[in-house]
Structure formats: C-alpha cells, structure tokens
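To convert, note that position 21 of the sequence shown is 26 in the numbering used here; the numbers rise steadily by one, no gaps. Ideal Cβ placement from N, Cα and C applies to all residues, glycine included. Predicted model, so just to flag it, every value in this text is computed and none were measured.
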Amino acid sequence: MSDSGRKQKSLSLVGMRISALSWISLITTIILNVRIIVFLTGGFDHFPHVTIVLFAMYFAFACSLFTLARQSKFFIYSGIMLLLATSTDLLSWIGLWKYDMNIDYFIKVWPFCILFMPIFLALLSQGMMAIDKSPNDNLIHQWKRYRLTFIIIYAARFFLYQCAFALLGKNDLENGFSINSIVLLYGALTVVCDLLSLWQFFLLRYTVDEVKAYSEYSIK
6 MSDSGRKQKS
16 LSLVGMRISA
26 LSWISLITTI
36 ILNVRIIVFL
46 TGGFDHFPHV
56 TIVLFAMYFA
66 FACSLFTLAR
76 QSKFFIYSGI
86 MLLLATSTDL
96 LSWIGLWKYD
106 MNIDYFIKVW
116 PFCILFMPIF
126 LALLSQGMMA
136 IDKSPNDNLI
146 HQWKRYRLTF
156 IIIYAARFFL
166 YQCAFALLGK
176 NDLENGFSIN
186 SIVLLYGALT
196 VVCDLLSLWQ
206 FFLLRYTVDE
216 VKAYSEYSIK
C-alpha cells in the first residue's frame with residue numbers, strides 16, 4: 006500500500022471513531038435531559054437507574070477517546086477526566102439515593118464533578134483541534150467557542166454551589182430567600198448546560214466531515 010493509501014486509511018479510521026463518539030454523545034445528551042425530567046417530576050425511584058445508564062454511556066465515550074490516543078495525547082487525559090467526573094457523579098447520587106449516604110458528605114464530594122467536567126471538555130476540544138488539518142480555521146474556532154462557553158457555565162455553577170453551601174453553613178433563616186434564588190439559578194444553569202450538550206454532537210459531526218474532506222484532499 007502506498008503512503009497516500011495508508012494515510013487515507015488512517016484518516017478514515019479516525020473519522021469512524023469520531024463518528025462513533027458523536028452518536029454516543031447524542032445518546033448521552035438525551036439521557037442527561039431525561040435525568041433532569043425525572044428529577045423535576047419527582048420520579049426519584051428511577052433516578053439511580055438513569056444515573057447508572059448515564060455512567061455507562063460516559064464510560065463508552067471515554068473508551069472511544071482512548072482509541073484516538075495516537076492522534077493526540079489530549080484524548081487520553083480527557084478520557085481520564087471524564088471517568089473521574091462521571092464516577093464522582095455516580096457515587097454521589099447512588100450513595101445518596103440507595104445507601105442513605107450522609108447529605109453533608111454528598112455536598113462536599115459532588116462538586117468535584119463540576120470541577121472535572123470542564124477540564125474534560127477543554128482537553129477534548131484541544132484534542133479535536135489537534136486533529137484538524139483543514140486549510141481554514143473554522144473548526145478550530147468552533148471548538149474554542151464551545152470550550153469557552155462551557156468553562157464559563159461550569160465556573161458559574163461551581164460559584165453558585167459554593168455560595169449556597171456557605172449560606173447553609175451559617176444556619177441563618179434570614180438567608181432563605183438568597184439560598185432559594187441561588188438554587189433556582191443553579192438549576193437553570195444546569196438545564197442550560199445539559200441542553201447545550203447537544204452542541205458537542207454537532208461539533209463532532211462537523212469534525213468527521215472535516216476529517217473526511219482532508220482525507221480526500223490528501224490523496225489528490
């Protein structure tokens with residue numbers, strides 16, 4: 006096989022793996038929003054099951070990222086961060102619902118999910134930008150906007166979470182209105198964040214198209 010043939014085959018495999026990532030991402034986004042609906046409608050008996058399925062999809066996503074390690078080391082680091090984030094999410098919620106874990110422990114542990122997730126997204130974006138070989142920088146700009154948007158949202162969520170935790174720690178009933186306002190704003194940002202996860206699917210599909218286009222261009 007010629008060098009151009011091997012290069013095209015390699016790029017074709019990369020495109021297929023990113024395509025698989027995109028569909029896993031779409032299913033994960035759907036499950037994320039199902040979990041929000043279950044939580045808001047009070048279907049708490051189903052919440053642990055949805056969380057377990059969500060973890061399974063994130064695990065599949067991470068494993069798919071590891072298959073792209075030859076393209077960029079950022080995919081290894083992003084996969085590790087995703088596993089840390091989703092493991093924290095799983096252990097926190099399942100522990101709270103199934104094993105009567107102390108709520109104070111949950112409040113202290115679960116925020117690590119909010120810290121790990123934006124790191125995962127930043128590393129994922131960096132890996133996708135490293136793959137891009139197209140002459141225009143449109144894809145890179147798209148991933149940069151995606152990364153910045155989610156970093157801002159997760160930073161705001163973490164800030165609000167800490168504010169609520171600080172107010173609750175004071176045990177001051179006069180802060181009830183402030184706590185409720187913060188919780189509502191945090192919930193709204195969570196819903197926005199979960200809905201915006203669909204953005205990842207479209208970016209991954211766009212990346213697949215760019216890889217295919219470059220594959221065809223490289224052998225001309």
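- Taking the C-beta atoms as reference points, T56 is found nearer than 8 Å to I99.
- R150 and T33 have their alpha carbons spaced roughly 21 Å apart.
- Counting only runs of at least 4 residues, the segment 196-223 fully encloses the following alpha helix (DSSP H) elements, listed from N- to C-terminal order: 203-223.
- Judged by their CB atoms, L194 and R152 are not nearer to each other than the 8 Å cut-off.
- Counting C-beta pairs with one atom in each stretch, the segment 117-131 and the segment 81-89 have three or more that are closer than 8 Å, which means they touch.
- In the structure shown, A193 adopts helical secondary structure according to DSSP, grouped into three states.
- L95 sits away from F125, with the two beta carbons spaced by 8 Å or more.
- For V213, same chain residues with a beta-carbon under 8 Å away, outside a window of 5 residues either side, are G20, I23, S24, S27 in chain order.
- If you look at G132, you'll find it in the alpha helix (DSSP H) that goes 116-136.
- The Cβ atoms of V39 and F52 do not sit closer than 8 Å to each other.
- Counting of Cβ neighbours within 10 angstroms places T46 among the exposed residues, the total staying below 16.
- Each residue's CA atom was taken as its position, placing S97 and F60 some 12 Å apart.
- If you draw a straight line from the Cα of L144 to the Cα of T93, it is about 31 Å long.
- Sequence-distant partners of D50 (beyond 5 residues in either direction) whose C-beta falls short of 6 Å from its own C-beta are missing from its chain.
- In the assembly as shown, C68 is an exposed residue. Its beta-carbon has fewer than 16 other beta-carbons within 10 Å.
- At least 8 Å separates the beta-carbon of I41 from that of S77.
- The beta carbons of L16 and V188 sit about 47 Å from each other, so the pair does not count as a contact at 8 Å.
- In the displayed model, A74 falls within coil according to three-state DSSP, outside both helix and strand.
- Rounded to whole angstroms, the gap between the alpha carbons of P116 and I184 is 17 Å.
- In the assembly as shown, Q147 is a buried residue. Its beta-carbon has 16 or more other beta-carbons within 10 Å.
- Our two residues, I29 and V58, have alpha carbons roughly 12 Å apart in a direct line.
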